[in-house]
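A.B. asks:
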Amino acid sequence: MPLSVFVVAVAALIASLMWVTGGTGASPWRAGPGMMTGPASTGGPVRSFADADRAAERFAAPRQLHVGEVMRFSNGYYAELLDKGGQRATEVLVDPGSGTVRLEYGPAMMWNTAYGMMPSPARTVTVGPDRAVAIADQWLAGHRAGEHAAEPDTFPGYYTLHTLDGSGRITGMLSVNTATGQVWYHTWHGTFLELQEQPDAR
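With the first letter of the sequence shown counted as 1, position 121 gets the number 189 in our numbering; the numbers rise by one all the way through.
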């Protein structure tokens, strides 16, 4: 089994177990009026950025969040969710065939200290943005030669960074934990196709 497929399968299994058992802590994904307890089917196939925006907004609205940047990959859509103040809250995936929206695998589930599957008190940030870029570049040099990291986007407990080729074109994404410096490459997206930015992300 390819490593990328194995990573996605393990992440999905962990998420499923967390939904069933209830996880730990007080996650905003499980409790309160209008909160859903798993992936949400949101209106059928997604064929455009407008469809992806609508699907992600229907998922985000009950959590008092809204959609920021949206990206289209060969395996589906990725979206940032922002809080009322425009701060990045978490990341979701939108399945183009079914319109199903779910928390993104990996860091959004396991590292996010506010909106993840295992929320926790804010941890001390030992890795600043510049250090995160350096860590990402070091990891890329050893695993994806010819790529480098863009500026980091800050989420609760981690950064997510676009990865770029030598001409500055987006090739993928990775995340760096703000407490440990651990790197988690987003293997599940497939090939990057398009980006739609929102102006109010901070």
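Just so you know, even glycine gets a beta-carbon here, dropped at the ideal spot from N, CA and C.
In this text, all values refer to a predicted model and were calculated from it rather than measured experimentally.
Which runs of the beta strand (DSSP E), 3 residues or longer, sit entirely within the stretch 228-255?
C.D. replies: Counting only runs of 3 or more, we get 238-245 and 251-253.
A.B. asks: Helix, strand or coil: how does DSSP classify Leu261 here?
C.D. replies: Residue state, collapsed to three classes: strand.
A.B. asks: What does the alpha-carbon distance come out to for the pair His257 and Ser142?
C.D. replies: Each residue's Cα considered, the two are about 7 Å apart.
A.B. asks: What are the residues that DSSP puts in a beta bridge with Asp221?
C.D. replies: DSSP lists Thr228 as partners of Asp221.
A.B. asks: Just to confirm the assignment, what range does the beta strand (DSSP E) spanning Gly112 have?
C.D. replies: That residue, Gly112, is in no beta strand (DSSP E); it is neither H nor E in DSSP.
A.B. asks: With a 10 Å radius around its C-beta and 16 neighbouring C-beta atoms as the bar for buried, classify Arg140 as buried or exposed.
C.D. replies: Buried, because 16 or more other Cβ atoms sit within 10 Å of the Cβ of Arg140.
A.B. asks: Can you look up Arg131 in the DSSP assignment and give me helix, strand or coil?
C.D. replies: Three-state DSSP puts Arg131 in a helix.
A.B. asks: Sort Met177, Ser243 and Thr239 by Cα distance to Leu263 and report the nearest one.
C.D. replies: For the residues Met177, Ser243 and Thr239, the minimum Cα distance to Leu263 belongs to Thr239.
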